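Working notes, structure below.
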Amino acid sequence: MNQTRRGFMGKAFGAVAGIGAVGALYAMKRSWDPLPSVKAAGFTTIDLSSCSENKLVVEKWRGKPIFVLRKSAEMVSAQSDAQNARDIMVEGAHYMIAIGLCTHLGCIPAYREDKSDFKCACHGGEFDSSGINTVLPPEKPLLIPPFNVKGATVVLGEAGEVYNKMKESGLIA
Ligand code: FES
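Here you go:
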């Protein structure tokens, strides 16, 4: 009798613990999922009017760092055609906008104002001021996120005309 009772108690306890575990997993999953509003929106608007020349601004979009660099006239005059092709023009100024993750293994490169380039401390990769890889191991330029220019602002997550043209020309994979 005692044995039966113990067996029953054990099963009952196991069932309650099981339900609790499922509940906890569900709660955990809910906390991992982004909020519906964030998922539905997924946009970040950046006002570029306060950007200073040769000063890197780091924004966040969908959990990723986004590099925004306003170039000086001096920087622009020294650029190659490949660099110019990646520039985003906003109210007459040249900007680099790129996902700030090294295309080698995903570290965040640092901007060197004195050289106007990026250095990745992880394995020594380098990128120029347009995000083009110049020193291995990264074999690809920094990625350009979908963007749309609206006046002095750029909306990340929205593929606008300029972004689509870059994509058509093969600049964006
Ligand atoms: Fe940047 Fe390796 S992660 S060089």
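Quick note: the sequence shown uses the numbering used here, first residue 1119, plus one each step. Idealized CB from N, CA, C, for every residue including glycine. In this text, all values refer to a predicted model and were calculated from it rather than measured experimentally.
I believe residue i touches residue j by the beta-carbon criterion, under 8 Å. Please report the beta-carbon distance rounded to the nearest angstrom.
i, j, result
"I1217", "P1263", "5 Å"
"A1203", "L1289", "6 Å"
"V1272", "I1164", "5 Å"
"S1190", "E1171", "4 Å"
"E1276", "F1185", "About 18 Å separates the two Cβ atoms, so there is no contact after all."
With respect to the alpha helix (DSSP H) encompassing residue i, which residues constitute its N-terminal and C-terminal limits?
i, result
"E1302", "With the chain covering only 1119 through 1291, there is no way to say anything about residue 1302."
"E1171", "Run containing E1171: none; DSSP gives neither H nor E here."
"K1283", "1279-1286"
Quick one, which of the options has its alpha-carbon nearest residue i's?
i, options, result
"C1169", "H1212, I1250, A1228, H1241", "H1212"
"V1208", "T1221, N1266, I1290", "N1266"
"T1221", "E1244, S1234, E1231, S1167", "E1244"
"S1248", "S1167, K1178, K1233", "K1233"
"P1183", "L1260, T1252, S1167", "L1260"
"C1240", "I1250, E1231, D1246, I1226", "I1226"
"V1175", "M1214, E1286, A1200", "M1214"
"L1166", "E1276, M1284, L1187", "L1187"
"A1270", "S1195, F1161, I1206", "I1206"
Where do the ends of the beta strand (DSSP E) carrying residue i lie?
i, result
"R1180", "Neither: R1180 is in no beta strand (DSSP E) and is coded neither H nor E."
"K1258", "K1258 -> no beta strand (DSSP E), and no H or E assigned at all."
"F1265", "1265-1268"
"L1274", "1271-1274"
Handout entry: Residues proximal to the ligand FES by C-beta, any heavy atom closer than 7 Å
Key = Taking each Cβ in turn, the ones that pass are C1220, H1222, L1223, G1224, C1225, P1227, C1238, C1240, H1241, G1242, G1243, P1255, P1256.
Problem - Length-filtered (3 minimum) beta strand (DSSP E) runs lying within the stretch 1196-1248 - result: The qualifying runs are 1206-1208, 1211-1217, 1228-1230, 1235-1237, 1244-1246.
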